[in-house]
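Chemist: The structure that follows is given in the form of structure tokens.
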Amino acid sequence: MALSDYSSELIATAQSLASPGKGILAVDESTKTIGKRLGSIGVENTEANRQAYRGMLFTTAGLGDFISGAILYEETLFQNHADGESMVNKLGKLGIIPGIKVDMGLRPLVGAGSVETLCTGLDGLVERAADYYAQGARFAKWRAVLQITSDGCPSPLSVRENAWGLARYARSVQESGLVPIVEPEILMDGDHTIETTARIQEHVIQEVYHACQANGVLLEGTLLKPSMTVQGADCSEKADPAKVAAMTVRTLERSVPASVPGIVFLSGGLSEEAASVYLNNMNTIERKAKWNLGFSYGRALQHSCLKGWAGTNLEAGQKALLARAQANSEASLGRYVPGSQPSSDEQLFVAGYTY
Ligand code: 13P
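First residue of the sequence shown: 3, per my numbering; consecutive thereafter.
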């Protein structure tokens, strides 16, 4: 099987994931990262506790009204719920498409700036993706990370290497029937202005699509997962939601081909409320391109939910998850009324965050 055999399925899957009013739940934290999350509520990082937490998420009645897909870590894709049914089946019952994080994490990019990384996992990826497809996954994620610094990062080497890695990944998983979520995250670390982020992000995304073109990626069967165009976390000039929305839309209109069906943002350390408000603002702007502007949040969907669950409280966890899922669904249609759902304003940004 090859990309050409899967092309109509890839297009259909990408369109379902980008359905208006729906977004993606990112639950693909590595074992180390989920350990930090569980630790924050005093729960030990054991397989049984990870199973209990994610099992709670995937049995939230009505979640499929707002969520089209869930990105899983490999352990979860092959895991059963405590009741014996597979996690994949639990998601299927809610009408949620399972996806899988396929990158193997970041490594230092030697020859580039000291904070710069490349994303690993290309070796054997076509075969791994085929195994994930057989297990029920229909889409994939690969997160490349770029950082803006006062000494010239992202360097040309980092931009080129990360764009190329994203394109090789995208082509490799399409070969095995998975829709690639292409994620060039620009970290919020730094004191740069929103204008600087916009200038750099435009260039980064343009390079990603040049690389996709060189690798024969079927763009109609992909999604883009960018960070929003925001100033650095330490910048004293804070852009208001209207400006963030306008700058983000401008960046995307200057860099994303119209053939990409959907753009799903990461939350990147924004508070739950800010992630919804910014997205809502974007969806009230008259736009030139027709791509759906949605969400693929991790922290901004799970923060209150994790606290509500606190290790045992299924009902409180599910209620909080559903509230944020509904809020972001409304935001993706430009209909979110700030504060209409319980949320947290707590900044989730952590300097030097590793996912
Ligand atoms: P955040 O929304 O917490 O940034 O996570 C999304 C994600 O999948 C990052 O790769």
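Virtual Cβ for every residue (Gly too), placed ideally from N, Cα, C.
What does a CB cutoff of less than 6 Å around Ser-88 pick up in its chain, not counting 5 residues either side in sequence?
Modeler: In the sequence shown, the residue the question calls residue 88 occupies position 86. Same-chain partners within the cutoff: Asn-82.
Chemist: Any chance the region 268-277 sits against the region 219-230, with 3 or more Cβ pairs inside 8 Å?
Modeler: Short answer: they touch.
Chemist: Quick check on the DSSP output: the beta strand (DSSP E) that includes Ile-102 runs from which residue to which?
Modeler: Mapped onto the sequence shown, residue 102 falls at position 100. Here the beta strand (DSSP E) through Ile-102 covers 99-103.
Chemist: According to the neighbour-count rule (16 or more other Cβ atoms, all chains shown, within 10 Å of its Cβ), is Gly-319 buried or exposed?
Modeler: Here residue 319 is taken as the residue at index 317 of the sequence shown, counted from 1. Per the 10 Å Cβ criterion, buried.
Chemist: Could you check what DSSP says for Pro-110 in three-state terms: helix, strand or coil?
Modeler: Mapped onto the sequence shown, residue 110 falls at position 108. The answer is strand: DSSP assigns Pro-110 an E or B state.
Chemist: Gly-41: buried (16+ other C-beta within 10 angstroms of its C-beta) or exposed?
Modeler: The sequence position of residue 41 within the sequence shown is 39, counting from 1. Exposed: under 16 other Cβ atoms inside 10 Å.
Chemist: Residue ranges of each alpha helix (DSSP H) run of no fewer than 4 residues wholly in the region 123-163, ordered along the chain?
Modeler: DSSP runs (the alpha helix (DSSP H)) wholly in the region 123-163: 127-136.
Chemist: Would you grab the beta carbon distance between Gly-107 and Ala-84 for me? Rounded to a whole angstrom, and I think it's under 8 Å.
Modeler: For the purposes of this step, residue 107 is taken as residue 105 along the sequence shown, with counting starting at 1. For the purposes of this step, residue 84 is taken as residue 82 along the sequence shown, with counting starting at 1. The Cβ separation is near 28 Å, so there is no contact.
Chemist: Please state whether the Cβ-Cβ distance between Cys-214 and Ala-172 is less than 8 Å.
Modeler: One-based indexing of the sequence shown puts residue 214 at position 212. One-based indexing of the sequence shown puts residue 172 at position 170. Yes, they are a contact pair.
Chemist: Which residue from Ser-152, Gly-101, Pro-22, Thr-78 puts its Cα closest to that of Thr-48?
Modeler: What you label residue 48 is simply residue 46 of the sequence shown in a count that begins at 1. Per the Cα distances, Thr-78.
Chemist: Just the C-alpha distance for Gly-192 and Phe-351, rounded to the nearest angstrom, thanks.
Modeler: In the sequence shown, residue 192 corresponds to position 190, counting from 1. In the sequence shown, residue 351 corresponds to position 349, counting from 1. If you take the alpha carbons of Gly-192 and Phe-351, they lie about 12 Å apart.
Chemist: Assess contact between the region 60-79 and the region 93-104, defined as three or more Cβ pairs (one per stretch) separated by less than 8 Å. Is contact present?
Modeler: Yes: at least three Cβ pairs fall under 8 Å.
Chemist: With a cut-off of 8 Å, do at least 3 Cβ pairs link the region 250-261 to the region 11-23?
Modeler: No, they do not touch.
Chemist: Which same chain residues end up closer than 8 Å to Gly-2 when comparing Cβ atoms and leaving out the 5 residues on each side of it in sequence?
Modeler: Because the chain spans 3 through 357 in this model, residue 2 falls outside it and cannot be assessed.
Chemist: Cβ-heavy atom distance between Asp-30 and the ligand 13P below 7 Å?
Modeler: In the sequence shown, residue 30 corresponds to position 28, counting from 1. Correct: Asp-30 has its Cβ closer than 7 Å to the ligand 13P.
Chemist: Out of Ala-248, Pro-340, Tyr-299, which one is the CA nearest neighbour of Gly-71?
Modeler: By 1-based counting over the sequence shown, the position of residue 71 is 69. For the residues Ala-248, Pro-340, Tyr-299, the minimum Cα distance to Gly-71 belongs to Tyr-299.
Chemist: For the ligand 13P, is there any heavy atom lying closer than 7 Å to the beta carbon of Cys-148?
Modeler: The residue labelled residue 148 in the question sits at position 146 within the sequence shown. In the sequence under discussion, the amino acid at residue 148 is Leu, which differs from the Cys named in the question. For the ligand 13P, not one heavy atom lies less than 7 Å from the Cβ of Leu-148.
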